[in-house]
Amino acid sequence: MKRLPLFILFILFSGLLAAGTESGTEYFRLKIQDIISPGPDKFSLENESEITEAELLLKAEEEFSKMTLEEQVSLLFIIHVDGKDSLSDFSKTRLTEIQPGGVLLFGYNISDDPGTLINFISEIKSVSGAENPVKSPLVFLDHEGGWVNRLRNLTWALPSARDVYTNLSFSNQYILYSLQAMMLKLIGVDINLAPVAEPGTPFNNEFLDSRAPGEDISDAVIYSGIFVSAMESQGVGSVLKHFPGNTNKDPHKEIPVMEISKESFREILIPFKECTSLNPAGVLLSFVKIPAIDDNLSAFSPVIIRDILNRDLGFNNLVISDDLTMAAVGLSGYSESDAVIKALNAGCKMIMMSSGNFEEVRDGVLVALKEGRISPVLFREACLSVLKAKLKYGAASEVKSSVAVRSLSQTEKELLILKTSFLSYVTYNFGKRNYGRANFIFR
Numbered sequence: 000m001k002r003l004p005l006f007i008l009f010i011l012f013s014g015l016l017a018a019g020t021e022s023g024t025e026y027f028r029l030k031i032q033d034i035i036s037p038g039p040d041k042f043s044l045e046n047e048s049e050i051t052e053a054e055l056l057l058k059a060e061e062e063f064s065k066m067t068l069e070e071q072v073s074l075l076f077i078i079h080v081d082g083k084d085s086l087s088d089f090s091k092t093r094l095t096e097i098q099p100g101g102v103l104l105f106g107y108n109i110s111d112d113p114g115t116l117i118n119f120i121s122e123i124k125s126v127s128g129a130e131n132p133v134k135s136p137l138v139f140l141d142h143e144g145g146w147v148n149r150l151r152n153l154t155w156a157l158p159s160a161r162d163v164y165t166n167l168s169f170s171n172q173y174i175l176y177s178l179q180a181m182m183l184k185l186i187g188v189d190i191n192l193a194p195v196a197e198p199g200t201p202f203n204n205e206f207l208d209s210r211a212p213g214e215d216i217s218d219a220v221i222y223s224g225i226f227v228s229a230m231e232s233q234g235v236g237s238v239l240k241h242f243p244g245n246t247n248k249d250p251h252k253e254i255p256v257m258e259i260s261k262e263s264f265r266e267i268l269i270p271f272k273e274c275t276s277l278n279p280a281g282v283l284l285s286f287v288k289i290p291a292i293d294d295n296l297s298a299f300s301p302v303i304i305r306d307i308l309n310r311d312l313g314f315n316n317l318v319i320s321d322d323l324t325m326a327a328v329g330l331s332g333y334s335e336s337d338a339v340i341k342a343l344n345a346g347c348k349m350i351m352m353s354s355g356n357f358e359e360v361r362d363g364v365l366v367a368l369k370e371g372r373i374s375p376v377l378f379r380e381a382c383l384s385v386l387k388a389k390l391k392y393g394a395a396s397e398v399k400s401s402v403a404v405r406s407l408s409q410t411e412k413e414l415l416i417l418k419t420s421f422l423s424y425v426t427y428n429f430g431k432r433n434y435g436r437a438n439f440i441f442r
């Protein structure tokens with residue numbers, strides 16, 4: 000059978016785009032048309048916000064000045080919540096009283112009904128941000144595709160990075176991830192903890208597997224650049240991970256050690272260096288020791304964070320630790336409170352923590368600040384980075400897609416989620432280079 004051009008398939012399904020003529024619905028209808036008919040300049044990052052970085056910083060400083068020290072400390076934590084249809088009483092109280100900077104959604108939080116998930120995320124944001132949307136937590140989700148896909152029971156199952164990179168042209172990869180970003184925006188996700196910017200290598204393939212797009216440095220650069228550009232173009236933050244890299248050892252179970260020369264280490268940093276120029280929302284740190292660089296775990300290393308990531312790579316947005324409950328942290332001899340203090344002094348700006356001891360750890364950070372055991376300069380920089388991210392991506396965002404989402408009804412959001420999911424499916428299965436042998440995996 001002769002292959003149909005992708006744009007003809009979109010025309011055949013154009014009826015899916017017809018709904019809505021007002022405000023947010025019209026905005027998303029036009030955006031979908033723009034995504035599926037990209038012009039020659041579509042790989043340049045679209046800046047939807049008219050707010051400059053300088054203006055974001057001024058607004059962040061204004062919000063920072065209004066906050067108590069306790070509120071400032073809470074900004075630096077990403078926690079988990081209980082519930083799926085609605086928040087548990089415990090989580091609702093915690094969000095109200097503590098007001099963390101972020102909430103990370105896990106599979107157990109994700110309903111198979113779009114409306115239920117939209118309402119659940121809306122509840123997370125409104126509990127602490129009813130009076131001031133800047134106080135709403137950023138909502139994070141791991142949406143890489145493949146086996147790291149929290150939305151697999153809600154929408155079409157997004158394939159892995161390696162499958163997408165192998166099967167789709169660069170333009171179709173951009174279309175696919177732009178549609179996925181729009182879907183995340185409609186659901187209420189602010190920041191996607193993806194992509195994996197590490198190339199697959201013999202010393203990390205067992206751990207990363209298909210999460211890495213390919214084995215060459217160029218594969219990681221191209222794939223990650225497309226992913227970041229697509230996410231950010233729709234007003235969804237992206238996070239490069241796992242800086243500075245992984246080994247075949249799982250940090251959930253043991254301490255990974257990367258035996259690598261300084262020269263080889265510089266090579267694996269190339270994808271991060273190239274993609275940080277696209278201004279992603281953040282970088283997620285791994286827990287790995289690299290003896291040639293520093294004896295500390297990477298998330299506790301001023302050399303890796305402040306000297307290499309901040310100074311050499313010029314990246315100063317969110318620097319996020321992986322979950323401090325991982326075995327690599329405990330086996331290094333740190334208590335949770337000590338680990339947080341060490342990470343903040345190394346240059347981390349947000350701490351991921353799924354432990355139930357969050358309040359105790361936060362209080363430990365408060366004491367450390369008052370006793371001068373945490374750098375006040377680094378603490379202020381961290382808080383301002385979180386506030387800037389909230390103003391750019393969160394409930395207080397004035398990015399066009401954020402404003403448009405707020406104007407949509409529940410029914411309109413659900414319909415648009417179905418459209419973006421279906422068009423993602425079409426993009427992948429009809430856009431494959433080996434279309435004649437395409438495996439239809441619509442769910």
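Under numbering that gives the first Met the number 0, think of the first position of the sequence shown as 0, with each following residue one higher. In this text, a Cβ means the ideal position worked out from N, Cα and C, and glycines have one as well.
Asked                                                                                                                  : Found
Euclidean distance between Cα positions of residue 249 and residue 258                                                 : 15 Å
8 Å contact criterion, which residue 325 and residue 75 should meet: CB distance rounded                               : So it is not a contact: roughly 18 Å between Cβ atoms.
Spatial neighbours of residue 333 in its chain, beta-carbon cut-off 7 Å, leaving aside the 5 residues before and after : 341
Inter-residue Cα distance where the pair is residue 83 and residue 188                                                 : 15 Å
Cα-Cα separation, residue 20 to residue 86                                                                             : Per-residue confidence for residue 20 stands at a pLDDT of 41, beneath the threshold of 50, marking its modelled position as unreliable; the derived number appears in the next sentence. The straight-line gap from Cα to Cα measures roughly 34 Å.
Within 8 Å, strictly: CB atoms of residue 247 and residue 206                                                          : yes
Residue burial classification, residue 90 (beta-carbon count within 10 angstroms, cutoff 16)                           : buried
CB contact flag (residue 177, residue 229, <8 Å)                                                                       : yes
When 417, 352, 290 are compared against residue 150, the one with the closest alpha-carbon                             : 417
Delimiting residues of the beta strand (DSSP E) encompassing residue 330                                               : Here residue 330 belongs to no beta strand (DSSP E), and DSSP marks it neither H nor E.
Cβ neighbour criterion (16 or more within 10 Å) applied to residue 379                                                 : exposed
Inter-residue Cα distance where the pair is residue 121 and residue 224                                                : 30 Å
C-beta contact flag for residue 244 and residue 267 at 8 Å                                                             : yes
Neighbourhood of residue 305 by C-beta, 6 Å cutoff - its chain only, sequence neighbours within 5 removed              : 346
In DSSP terms, what residue 78 is bridged to                                                                           : 102
Selection from 404, 328, 412 that minimises the alpha carbon distance to residue 251                                   : 328
Collapsed DSSP secondary structure at residue 143 in the structure displayed                                           : strand
Cα-Cα separation, residue 32 to residue 141                                                                            : 27 Å
Close Cβ partners of residue 180 (< 6 Å) along its chain, the five nearest in sequence each way excluded               : 229, 230, 233, 235
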